[in-house]
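In UniProt numbering, the protein residues as written are 1 to 459.
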């Protein structure tokens, strides 16, 4: 009879195989645990095959051989990540050392996924994703492989391959991270390119309910006239999360974004998260000069002058009538590299956006401070405190009967060691929550105001 394991050891073993979000047990631990007993072997195998990673065609072949030899293991696979980056022989050469061995193509991915009945998340990172099979007509939606998450990171591909990818998969969440380049599959002699991301079939995006775009660049063609969001305006996304992204046009990002929201992209949205910091390459957002659209007469409202054309205005009540959660990332400090007579025009635009929302479903508004602390030079002149019409914002938000939270959170700690000795800091006596409660008495009386923890510098 095998010896009985102490309860403490059983607890430690169970903890070693327990799967936490974003955390995975060590491979060596699981492999050793699989030898303890048949009962622990099953637990180890479940954790061992919960998430499989592949970095080459050879790794894919090995996984396929393992799954074919032990079909029972395939049902444990919940996540698959393919990470392949092309390795150039030298910096200037277009020849890669991977070309001789061949990179996995879409047909290879489809072959291995056909063995995984419970796959929920597919991640494809880096490399060149090619078709590898003739372009097929999109099957009916019922026949497409359902996925909870499809994640594309730093991907180079063609429009045919991307279209075919969505012909086979029906994800609920689509994440586009890093610099994803999608090139036209066919280019005429004139060099003129058509829309690189076509999605001719409007049902291809119909299952995407959460669209998350991160990092700086999302290129969808060699042209500046193609928006990555455009195909999704024909779908029914409920969440749109755009962080550190130039809003998908290399030039007039907000103009394109406003048009897409009003043309149907926002009609089903319940969550919207945007960044307004003006840092994105090629798209200065609110700070764009718009020299060809300047008017001799400048409009004003309760938040101050309106420097941008009417085409940038977004009415969330009209474009996103079902919005419940609104999150905006904004700068805390003025940026000296921009010459402007206005004080933080991103904030003025964002507050106009907030006050344009439908007041009935909106329950939470979050403002995230995104500036590094070294940008602060002078408290009175640089920060948004004392510069914005908080009283008008208070009057509007106080009329939002469903609103439960208006919060300001800081994405970076206030670390005095990262700033020069000549840089002024907010004194420890300054309490942002108390300041906002004084400026916004209506919201304060309802208990709506919340401020994230900040690390104030000593006086």
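For each residue, glycine too, the CB sits at the ideal point set by N, CA and C.
Owing to the predicted nature of the structure, the values given are computational and were not obtained by experimental measurement.
Close beta carbons around residue i, own chain, < 6 Å, minus the five adjacent residues each side
i, result
"residue 327", "273, 366"
"residue 46", "76"
"residue 451", "408, 432, 433"
"residue 123", "81, 151"
"residue 404", "363"
"residue 189", "Confidence is the limiting factor: at residue 189 the pLDDT is only 39, short of 50, which leaves the residue's position unreliable, though a coordinate-based value still follows. Excluding positions up to five away in sequence, the list is empty."
"residue 239", "210, 271"
"residue 149", "121, 173"
"residue 62", "none"
"residue 440", "390, 394"
"residue 241", "212, 273"
"residue 64", "112"
Which residues DSSP lists as bridging residue i, in chain order
i, result
"residue 400", "Residue 400 is not bridged to any residue."
"residue 450", "407"
"residue 177", "153"
"residue 299", "306"
"residue 366", "327, 407"
"residue 83", "125"
"residue 158", "183"
Reduced DSSP category for residue i - H, G, I as helix; E, B as strand; rest coil
i, result
"residue 263", "helix"
"residue 241", "strand"
"residue 144", "coil"
"residue 171", "strand"
"residue 54", "strand"
"residue 440", "coil"
"residue 272", "strand"
"residue 213", "strand"
"residue 314", "coil"
"residue 182", "strand"
"residue 71", "helix"
"residue 207", "coil"
"residue 392", "helix"
"residue 64", "helix"
"residue 357", "coil"
"residue 42", "helix"
"residue 432", "helix"
"residue 164", "helix"
"residue 49", "coil"
"residue 115", "coil"
"residue 522", "As shown, the chain starts at 1 and ends at 459. That puts residue 522 outside it, with no answer to give."
"residue 257", "helix"
"residue 78", "coil"
Nearest candidate by alpha-carbon position, reference residue i, set the options
i, options, result
"residue 157", "267, 146, 73, 84", "84"
"residue 120", "393, 173, 70, 400", "173"
"residue 320", "444, 267, 259", "267"
"residue 206", "179, 183, 236", "236"
"residue 402", "275, 68, 325, 57", "325"
"residue 258", "301, 318, 239, 211", "318"
"residue 182", "126, 42, 69", "126"
"residue 114", "148, 71, 149", "71"
"residue 163", "130, 178, 177, 149", "130"
"residue 54", "112, 42, 69", "112"
"residue 400", "410, 437, 355", "355"
"residue 176", "212, 208, 142", "212"
Contacting residues, own chain, Cβ-Cβ under 7 Å from residue i (five flanking each side not counted)
i, result
"residue 146", "170"
"residue 165", "106"
"residue 168", "110, 144, 145"
"residue 444", "437"
"residue 67", "73, 74, 115"
"residue 449", "406, 433, 436, 437, 440, 443"
"residue 60", "54, 104, 108, 112"
Residues of its chain near residue i, where Cβ-Cβ distance is below 8 Å and the 5 sequence neighbours each way are ignored
i, result
"residue 92", "For residue 92, the predicted structure reports a pLDDT of 39, less than 50, and the residue's modelled location is therefore unreliable. A value from the coordinates is still provided. Same-chain partners within the cutoff: there are none."
"residue 301", "352"
"residue 51", "24, 77, 78, 79, 80, 81"
Whether residue i touches residue j by CB criterion (8 Å)
i, j, result
"residue 447", "residue 394", "no"
"residue 389", "residue 303", "yes"
"residue 435", "residue 385", "yes"
"residue 263", "residue 316", "no"
"residue 483", "residue 314", "Residue 483 is absent from the model: the chain starts at 1 and stops at 459."
"residue 323", "residue 361", "yes"
"residue 117", "residue 74", "yes"
"residue 160", "residue 180", "no"
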